[in-house]
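Here is the structure we will look at, set down as structure tokens.
2 protein chains.
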Amino acid sequence: MRILLTNDDGIMAQGIRTLARCLSKEHNVLVVAPEVERSATGHAITIRTPLWAKEVKLGEEDIGYAINGTPADCVKLGLLAMAEGKIDLVISGINRGPNLGTDVLYSGTVSGALEGAVTGIPSVAISAENFNEPYFETAAHFMIEFLRRFDVTEIPELTALNVNVPSVPLHEIKGWKVTRQSKRRYKSDFERRKDPHGNDYYWMIGEYIEDDPGEDSDYAAVSDRYVSITPIHVLMQNNDYMEKLRKKIEEVKQ
Amino acid sequence: MRILLTNDDGIMAQGIRTLARCLSKEHNVLVVAPEVERSATGHAITIRTPLWAKEVKLGEEDIGYAINGTPADCVKLGLLAMAEGKIDLVISGINRGPNLGTDVLYSGTVSGALEGAVTGIPSVAISAENFNEPYFETAAHFMIEFLRRFDVTEIPELTALNVNVPSVPLHEIKGWKVTRQSKRRYKSDFERRKDPHGNDYYWMIGEYIEDDPGEDSDYAAVSDRYVSITPIHVLMQNNDYMEKLRKKIEEVKQ
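Residue numbers (this note's numbering), protein chains in the order written: chain P, 1288 to 1541; chain C, 1288 to 1541.
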């Protein structure tokens, strides 16, 4: 396959380098990634300033492109300007750290895959669970095996797969599980400080709330050493609430 | 009600100023908004650098806070550091220009409301359809009427309302409609130029594809001069695909 590979940790990050190296053995890989880290950028795009694409030598023969933009920018620009010919699959990652539960909303990694899905190309985001000891080789191995066995053209329109891989040696992975996106969320807090000029400033801190367990929850599967695969949709409509809201608006509207 | 008001066009934008002025007649309004325009920031948050909050005098008596961050940052910081006591509702807007179809994914305005929903507070994003002639007064009037008639505590958890108001004089609005999020999307293109140093650079351009009409589509309702109200969910799981994917992964997994 011809694969467009991006990430949000930046083109020099170990996660994307490991995945590019491994995937290149079986596929034609084009790396188009942010020149610097763009974590937690959500689905930001760059519309008010232009984008530069710098050729970067990644390996002996491999050329990639470093972009002064976000993962979504990289996918847009990669597909339209860098890729000459058809791209069969967009992969975003391997992210250093998980993208579970509401992380999906904030994640630059996932937004790279969602941008691929908007454009109508099969797309996968892949993240390694542990920020400090990511075990990228395990995640890269999963991706290669997955592409051997799973036909990515079966992914429905406007949908991407969000994959999280436990950060353990390969032989400790118990298997693959399709999971639901849990309500795992970040409980923010801010640490207030004074700058040298006497102004208050704030550092975002906080911790995760994990109160949505169950066998099919994304974070529970990963803790249990399963690769978690969650299908996510570009459109965010709350279908369950449509009818109730419609009735209520009928009652109150002008 | 005590309302936290943010936007992505920045605290000095006419849309948020108009809405703050109108809402203040019936509600207690706290404005916490980006100090500069942060359009198309998606659900970005600021985690690597600190945030400053500058007090800004908005009207005769009103004080707001300008933040060097994104709409999601403003909601987080506003709720935790600026609002002393309970906030009943988060409103993000009035955005200059629509947030219809896949715009939701890229929109800083909508992400302000989604951040409120993640935190468990009723939240609404509001956008004026036309960038050049927004008719903010029409949108502000809708919001006030809506809050008089609709009980925002009925909005389910992890859900926000995405409202788009036609940019016409108030008397030309035909009514309110609950709509589905359409597949309206941006077909990107890039214009390639050479900088004075001989390097290629790219401007993102493009146009909207509107191929998903029907009475209940968000953009169709707005074109037809109805206020469009779409419930959107923080979690993006594709429920329709879960079972099929689960079966397929069972077949192919290790």
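Glycine residues also receive a C-beta, built at the ideal position from the N, C-alpha and C atoms. Bear in mind the structure is a predicted one, so any value in this text is a computation, not a measurement.
Secondary structure of residue i, DSSP reduced to three states
i                 : result
Gln1524 (chain P) : strand
Leu1291 (chain C) : strand
Ala1404 (chain C) : helix
Asp1390 (chain P) : helix
Met1491 (chain P) : strand
Val1450 (chain P) : strand
Pro1456 (chain C) : coil
Ser1379 (chain C) : strand
Ile1236 (chain P) : Absent from the structure is residue 1236 (chain P), since the part of chain P shown begins at 1288 and ends at 1541.
Val1323 (chain P) : coil
Arg1479 (chain C) : strand
Arg1472 (chain P) : strand
Tyr1422 (chain P) : coil
Arg1512 (chain C) : coil
Sequence-distant residues of its chain with Cβ nearer than 7 Å to residue i (five each side left out)
i                 : result
Val1455 (chain C) : Tyr1422, Thr1425 and Arg1512
Ser1504 (chain P) : Thr1466, Arg1467 and Ser1469
Thr1305 (chain C) : Ile1381, Phe1423, Glu1424 and Ala1427
Tyr1393 (chain P) : Ala1327 and Gly1329
Asp1482 (chain P) : Tyr1488
Thr1440 (chain C) : Pro1409
9 Å Cβ cutoff met for residue i and residue j
i                 : j                 : result
Ala1353 (chain C) : Lys1341 (chain C) : yes
Ala1320 (chain C) : Cys1361 (chain C) : yes
Gly1399 (chain P) : Pro1358 (chain P) : yes
Val1343 (chain P) : Thr1446 (chain P) : no
Leu1338 (chain C) : Leu1310 (chain C) : no
Leu1317 (chain P) : Ala1370 (chain P) : yes
Lys1312 (chain P) : Ile1431 (chain P) : yes
Ala1412 (chain P) : Ala1331 (chain C) : no
Ile1408 (chain P) : Leu1366 (chain P) : yes
Same chain, Cβ closer than 8 Å to residue i, neighbours up to 5 away in sequence not counted
i                 : result
Lys1474 (chain P) : Gly1493, Glu1494, Tyr1495 and Ile1496
Arg1480 (chain C) : Asp1487, Tyr1488, Tyr1489 and Trp1490
Glu1322 (chain C) : Gly1297, Ile1298, Lys1341, Ala1353, Ile1354 and Asn1355
Glu1420 (chain C) : Ser1454
Distance between residue j and residue i (C-alpha atoms, nearest Å)
i                 : j                 : result
Thr1389 (chain P) : Thr1406 (chain C) : 11 Å
Ile1442 (chain C) : Leu1448 (chain C) : 8 Å
Pro1500 (chain P) : Thr1336 (chain P) : 43 Å
Ile1290 (chain P) : Ile1303 (chain P) : 13 Å
Leu1396 (chain C) : Met1523 (chain P) : The displayed chain sequence assigns Thr, not Leu, to residue 1396 (chain C). Going from the Cα of Thr1396 (chain C) to the Cα of Met1523 (chain P) covers about 15 Å.
Ile1350 (chain P) : Asn1315 (chain P) : 12 Å
Asn1451 (chain P) : Ile1519 (chain P) : 13 Å
Arg1435 (chain C) : Asn1486 (chain C) : 56 Å
Glu1502 (chain P) : Gly1356 (chain P) : 38 Å
Phe1429 (chain P) : Leu1532 (chain P) : 42 Å
Val1391 (chain P) : Asp1527 (chain C) : 19 Å
Asp1438 (chain C) : Pro1453 (chain C) : 23 Å
Asn1525 (chain C) : Ile1536 (chain P) : 26 Å
Ser1379 (chain C) : Arg1471 (chain C) : 21 Å
Glu1444 (chain C) : Leu1345 (chain C) : 32 Å
Met1529 (chain P) : Glu1538 (chain P) : 14 Å
Asn1386 (chain C) : Ala1415 (chain C) : 8 Å
Gln1301 (chain C) : Gln1301 (chain P) : 45 Å
His1484 (chain C) : Glu1347 (chain P) : 28 Å
Ser1510 (chain C) : Lys1373 (chain P) : 35 Å
Asp1498 (chain P) : Glu1459 (chain C) : 47 Å
Cβ shell of residue i (< 6 Å), same chain only, five flanking positions each side left out
i                 : result
Thr1517 (chain C) : Asn1449, Thr1466, Gln1468 and Asp1505
Lys1461 (chain P) : Arg1512 and Tyr1513
Met1288 (chain C) : His1314, Asp1375 and Leu1376
Glu1478 (chain C) : Trp1490 and Ile1492
Ala1508 (chain P) : Lys1464, Thr1466 and Ser1515
Ser1250 (chain P) : Residue 1250 (chain P) is absent from the structure shown; chain P starts at 1288 and stops at 1541.
Leu1457 (chain P) : Thr1425 and His1428
Asn1417 (chain P) : Ser1454
Arg1325 (chain P) : Asp1295, Thr1357 and Gly1395
Asp1476 (chain P) : Ile1492 and Gly1493
Lys1534 (chain C) : none
Phe1433 (chain C) : none
Closer than 8 Å: residue i CB and nearest the ligand ZN heavy atom
i                 : result
Tyr1352 (chain C) : Ligands are entirely absent from the displayed structure, and the ligand ZN is therefore not among its contents.
Please list the residues of the stretch 1288-1305 of chain C that have a C-beta atom closer than 8 Å to any C-beta atom in chain P, keeping them in chain order.
none
Worksheet item: Going along the chain, which residues of the stretch 1410-1425 of chain C sit with their C-beta nearer than 9 Å to a C-beta in chain P?
Response: Listed by position along the chain: nothing, the set is empty.
*For the stretch 1340-1368 of chain C, which residues have a CB atom closer than 7 Å to at least one CB atom of chain P, in sequence order?*
Ala1340, Lys1363, Leu1364, Leu1367 and Ala1368
| field | Chain-ordered residues of the stretch 1495-1526 of chain P with a beta carbon less than 7 Å from chain C | value | Sequence-ordered contacts of the stretch 1495-1526 of chain P with chain C read Ile1516, Thr1517, Pro1518, Ile1519, His1520, Val1521, Leu1522, Met1523, Gln1524 and Asn1525 [C-beta pairs closer than 7 Å].
- Item | Interface positions of the stretch 1313-1324 of chain C facing chain P (Cβ-Cβ less than 7 Å), listed along the chain | none
- Query: Along the stretch 1384-1406 of chain P, what residues have a CB closer than 7 Å to any CB found in chain C?
  - Reply: Those would be Thr1389, Val1391, Leu1392, Tyr1393, Ser1398, Leu1401 and Val1405, in chain order.
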